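Peer 1:
In the working numbering, the protein residues as written are 2 to 342.
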């Protein structure tokens with residue numbers, strides 16, 4: 002019988018937990034309850050049910066915003082050990098098998114008197130960074146001790162940029178360190194179900210004061226030429242760009258647009274049409290009234306639907322773009338715009 006890698010990993014993590022070498026979140030820690038439904042119009046994504054809504058999930062047992070931990074050993078991969086045990090609740094993410102096999106010796110580690118680390122779930126893309134890391138940091142501002150970051154995270158330009166914008170002192174971990182007095186900032190919500198308080202904290206931390214958009218203004222956020230850090234998928238971005246120009250929209254190429262340039266687009270963002278992707282995080286910068294998310298059956302999450310809800314965007318539509326003729330795609334976008342009006 003063949004056993005896949007995921008099954009092998011689960012077995013090894015379970016055995017490590019039994020031996021005391023690893024402490025994962027418990028079943029009660031992970032248990033969720035269903036809350037309110039967030040509605041949308043347009044197309045229903047694949048495997049997203051049969052109704053025009055998605056339900057928010059919350060942890061049944063609320064998680065603390067932060068925890069104080071003594072002598073936390075922190076590795077370049079963001080793994081957190083305390084007294085010989087690897088703790089998921091203090092680590093950057095769930096460990097890989099190699100993380101259990103490569104525990105550094107605490108006696109050989111550099112000592113830091115204090116430091117702050119962030120516990121998240123999916124530290125892969127810019128969208129993850131905003132939704133998880135920056136939300137945790139925004140809620141905790143001002144940070145009381147240097148932020149301790151794995152070197153591979155600090156290699157990302159947007160991580161360095163955002164931490165500089167927040168004025169956060171950082172320590173880059175290239176070799177394991179022991180933090181004498183560690184503060185762990187926890188991801189307290191399940192998945193990417195944004196809340197209004199998180200969106201407000203983010204805006205406050207970055208000093209964002211969205212301007213009033215020009216009535217009738219419209220942006221198209223295009224992924225043309227983009228390559229995902231996690232899930233590659235295709236959008237007919239050039240075709241959509243032509244359609245949106247006909248409809249009077251400003252076309253924004255995500256790969257060529259800076260953070261400052263996104264800020265400056267606020268007056269043109271009454272309606273935002275966007276390929277599903279991290280560029281939609283820029284809704285946090287604007288006072289958008291209407292949003293159309295272009296989706297593919299190859300990959301979709303409800304992250305931006307819940308972000309829009311958190312920002313008070315009441316008009317939200319999803320439009321599937323797979324194998325779509327130009328005329329049909331144009332009609333579907335226009336139908337959504339007319340529905341908003």
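Beta carbons: idealized from backbone N, C-alpha and C, even for Gly.
Given the structure is predicted, the values throughout are model-derived calculations rather than measurements.
Indicate whether residue 203 and residue 273 have their beta-carbon atoms separated by less than 8 angstroms.
Peer 2: In this structure, residue 273 does not lie closer than 8 angstroms to residue 203 by Cβ.
Peer 1: By a C-beta neighbour count over all protein chains shown, 10 Å radius and 16 as the cutoff for buried, is residue 188 buried or exposed?
Peer 2: Residue 188 is buried by the Cβ-count criterion.
Peer 1: How should residue 319 be labelled, buried or exposed, when 16 other C-beta atoms within 10 angstroms of its C-beta is the threshold for buried?
Peer 2: Residue 319 should be labelled buried.
Peer 1: Grouping DSSP H, G and I as helix and E and B as strand, with all else coil, what is residue 287?
Peer 2: It is coil, neither helix nor strand.
Peer 1: Quick test of the definition: if touching needs 3 or more C-beta pairs under 8 angstroms, does the segment 288-306 touch the segment 322-338?
Peer 2: Yes: at least three Cβ pairs fall under 8 angstroms.
Peer 1: Could you tell me if residue 205 is buried or exposed, where buried requires 16 or more neighbouring beta carbons within 10 angstroms of its beta carbon?
Peer 2: By the neighbour-count rule (16 or more Cβ atoms within 10 Å), residue 205 is not buried but exposed.
Peer 1: So, for residue 194: in the same chain, excluding its five sequence neighbours on each side, which residues have a beta-carbon less than 7 angstroms away from its beta-carbon?
Peer 2: 57, 58 and 307.
Peer 1: Using the three-state DSSP reduction, which class does residue 66 fall into: helix, strand or coil?
Peer 2: Note: residue 66 maps to coil in three-state DSSP.
Peer 1: Assess contact between the segment 235-246 and the segment 80-90, defined as three or more Cβ pairs (one per stretch) separated by less than 8 angstroms. Is contact present?
Peer 2: No, they do not touch.
Peer 1: Report the residue from 11, 287 and 32 whose alpha carbon sits nearest the alpha carbon of residue 218.
Peer 2: Ranking 11, 287 and 32 by Cα distance to residue 218 puts 287 first.
Peer 1: Going straight from the alpha carbon of residue 2 to that of residue 128, what length do you get?
Peer 2: Confidence at residue 2 is low in this model, with a pLDDT of 47, below 50, so its placement is unreliable and the value that follows should be read with caution. Approximately 38 angstroms between the Cα atoms of the pair.
Peer 1: Residue 88 lies in the beta strand (DSSP E); which residues open and close that run?
Peer 2: Taken as a continuous stretch (DSSP letters only), the beta strand (DSSP E) holding residue 88 covers 86-88.
Peer 1: Using 8 angstroms as the cut-off, can you tell me whether the segment 59-78 makes contact with the segment 20-39, which would need three or more C-beta pairs spanning the two stretches below that distance?
Peer 2: Output reads yes: the segment 20-39 touches the segment 59-78.
Peer 1: So, using beta-carbon positions, are residue 260 and residue 162 closer together than 8 angstroms?
Peer 2: Going by C-beta atoms, residue 260 is nearer than 8 angstroms to residue 162.
Peer 1: Look at the Cβ atom of residue 269, then the Cβ atom of residue 289, and state whether they are nearer than 8 angstroms.
Peer 2: No, Cβ-Cβ distance for residue 269 and residue 289 is not below 8 angstroms.
Peer 1: Flag this pair as touching only if the segment 42-50 and the segment 18-25 have three or more C-beta atom pairs under 8 angstroms; answer yes or no.
Peer 2: Taking 8 angstroms as the limit for Cβ pairs, the verdict is that the segment 18-25 does not touch the segment 42-50.
Peer 1: Measuring straight from C-alpha to C-alpha, what distance separates residue 315 and residue 69?
Peer 2: Residue 315 and residue 69: Cα-Cα distance of roughly 39 angstroms.
Peer 1: Over what stretch of residues does the beta strand (DSSP E) that includes residue 116 continue unbroken?
Peer 2: Taken as a continuous stretch (DSSP letters only), the beta strand (DSSP E) holding residue 116 covers 111-120.
Peer 1: Have a look at the DSSP bridge pairing and note the partners of residue 142.
Peer 2: Looking at the DSSP assignment, residue 142 forms no beta bridge with any residue, so it has no partner.
Peer 1: May I ask which residues mark the beginning and end of the beta strand (DSSP E) holding residue 56?
Peer 2: Run containing residue 56: 54-60, per the beta strand (DSSP E) assignment.
Peer 1: If I measure Cβ to Cβ from residue 152 and keep anything under 7 angstroms in the same chain, skipping five residues before and after, which residues do I get?
Peer 2: Excluding positions up to five away in sequence, the list reads 77, 173, 174 and 175.
Peer 1: Around the C-beta of residue 96, are 16 or more other C-beta atoms found within 10 angstroms, so that it is buried, or is it exposed?
Peer 2: By the neighbour-count rule (16 or more Cβ atoms within 10 Å), residue 96 is buried.
Peer 1: Would a C-beta distance cut-off of 8 angstroms place residue 74 and residue 177 closer than the cut-off?
Peer 2: Yes, the pair counts as a contact, with Cβ atoms nearer than the cut-off.
Peer 1: Out of 47, 267 and 134, state which residue places its alpha-carbon closest to the alpha-carbon of residue 216.
Peer 2: Answer by Cα proximity: 267.
Peer 1: Residue 116: buried (16+ other C-beta within 10 angstroms of its C-beta) or exposed?
Peer 2: Residue 116 is buried by the Cβ-count criterion.
Peer 1: Excluding the 5 residues flanking residue 234 on each side, which residues of the same chain have their C-beta closer than 7 angstroms to its C-beta?
Peer 2: Excluding positions up to five away in sequence, the list reads 297, 299 and 300.
Peer 1: Give me the DSSP bridge partner(s) of residue 316.
Peer 2: Bridge partners of residue 316: 291.
Peer 1: Would residue 311 and residue 126 be called neighbours here (beta carbons separated by less than 8 angstroms)?
Peer 2: No, Cβ-Cβ distance for residue 311 and residue 126 is not below 8 angstroms.
Peer 1: Run through DSSP, which three-state label would residue 82 get?
Peer 2: Strand, per DSSP.
Peer 1: Span of the beta strand (DSSP E) holding residue 344?
Peer 2: Because residue 344 is not part of the residues shown, which for the chain are 2 to 342, the question remains open.
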